[in-house]
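Student: Below you'll find the structure I mean.
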Amino acid sequence: MAKNYRATKAIQQFDPTSCWAATLEWWARAIGNRVVITEMNLLNVYLSYWDSSNPDTNPNYGTVSRANLIAIIKDTRWRMDCETVTGANFTCHYVNQKMKHGPLVVGYRKPGIGNHVVSVYGASNTHIACMDPDGAQFRGPLASHFQGGDVIVGIPR
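Quick look at the structure:
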């Protein structure tokens, strides 16, 4: 029987750029057998990975580059592999194949928003289930929602 990942309370990102930290906290809680670090503490752990230069003049303040998101995912504490796939290849079938050991951490270009990170925990034939820290909601968008560019995928081992 599949695990009910929705039993793990969704986590709200505390600002527009902390989606990666809120997602990692939820992912660690949902998958189990991983160290859980709170969103706020993750910001300190990975301080050198996010853009912390002058918040008054820097429009990218708080963001994590794609390269740094990959580096965070590859941190040995998470026990994840990382792949970058084209959006067209990020399909429901791909998701279900990669979820052998639990939910995925997914960085993608969210329509109307820009770069965003969620945790994907399953897929039907057409929709992908995820915990979205933007609003702390469980969502089920069409697979095409993720296909606006390359997708970074953290895959638990």
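If you read the sequence shown in my numbering, its first letter stands for residue 78, the second for the next number, and so on.
Note that beta-carbon positions come from the ideal geometry of N, C-alpha and C, so glycine has one too.
Since this is a predicted model, take the numbers as computed values, not measurements.
Give me the Cα-Cα distance between M78 and G189, rounded to the nearest whole angstrom.
Tutor: Translated into the one-based positions of the sequence shown, residue 78 becomes position 1. Translated into the one-based positions of the sequence shown, residue 189 becomes position 112. The predicted position of M78 is uncertain, since its pLDDT is 48 and thus under 50; no value can be drawn from it.
Student: Touch check for the stretch 104-113 and the stretch 218-229: three-plus C-beta pairs under 8 angstroms?
Tutor: no
Student: Tell me the residue span of the alpha helix (DSSP H) that contains I149.
Tutor: Taking the first residue of the sequence shown as 1, we reach residue 149 at position 72. Element bounds for I149: R143 to K151.
Student: Tell me, please, which residues DSSP counts as bridged to A200.
Tutor: Here residue 200 refers to the residue found at position 123 of the sequence shown. Listed as beta-bridge partners of A200 by DSSP are I205.
Student: Quickly, what does DSSP pair F279 with across the bridge? List them, please.
Tutor: The requested residue 279 does not occur in the structure, where the chain is confined to residues 78 to 234.
Student: In terms of DSSP beta bridges, what is N192 paired with?
Tutor: As a working mapping, residue 192 is identified with position 115 in the sequence shown. N192 pairs with R186.
Student: In whole angstroms, what is the alpha-carbon distance linking Y82 and N135?
Tutor: On the sequence shown, position 5 is the one that residue 82 refers to. On the sequence shown, position 58 is the one that residue 135 refers to. So the alpha carbons of these two residues sit roughly 37 angstroms apart.
Student: What would DSSP say about G164, mapped onto helix, strand or coil?
Tutor: Taking the first residue of the sequence shown as position 1, residue 164 is located at position 87. Residue state, collapsed to three classes: helix.
Student: Is the CB-CB distance between C169 and H204 below 9 angstroms?
Tutor: Numbered from its first residue, the sequence shown carries residue 169 at position 92. Numbered from its first residue, the sequence shown carries residue 204 at position 127. Yes, they are a contact pair.
Student: Which residue marks the beginning of the beta strand (DSSP E) containing V230, and which one marks its end?
Tutor: Here the question's residue 230 lines up with position 153 in the sequence shown. Looking at the DSSP string, the run of the beta strand (DSSP E) that includes V230 is V228 to P233.
Student: Is the CB-CB distance between G179 and F223 below 9 angstroms?
Tutor: In the sequence shown, residue 179 corresponds to position 102, counting from 1. In the sequence shown, residue 223 corresponds to position 146, counting from 1. In this structure, F223 does not lie closer than 9 angstroms to G179 by Cβ.
Student: So N173 is in the alpha helix (DSSP H); what residue range does that whole segment cover?
Tutor: If you number the sequence shown from 1, residue 173 lands on position 96. C169 to K175 is the extent of the alpha helix (DSSP H) around N173.
Student: Which value, in whole angstroms, describes the spacing of the CA atoms of T94 and A84?
Tutor: Residue numbering aside, residue 94 sits at position 17 when the sequence shown is read from its first letter. Residue numbering aside, residue 84 sits at position 7 when the sequence shown is read from its first letter. Going from the Cα of T94 to the Cα of A84 covers about 25 angstroms.
Student: Looking at the unbroken alpha helix (DSSP H) that takes in V112, where does it start and where does it end?
Tutor: Numbered from its first residue, the sequence shown carries residue 112 at position 35. Segment: none, V112 is in no alpha helix (DSSP H) and carries neither H nor E.
Student: Can you tell which of Q89, Q174, M208 and S201 has the C-alpha that lies nearest to the C-alpha of V182?
Tutor: Locating residue 182 in the sequence shown gives position 105, where the first residue counts as 1. Restricting attention to Q89, Q174, M208 and S201, the CA atom closest to the CA of V182 is found in M208.
Student: Residues in the same chain with beta-carbon distance under 8 angstroms from R154, minus the five sequence neighbours each way, listed in chain order, please.
Tutor: Here residue 154 refers to the residue found at position 77 of the sequence shown. Here the set comprises R111 and V112.
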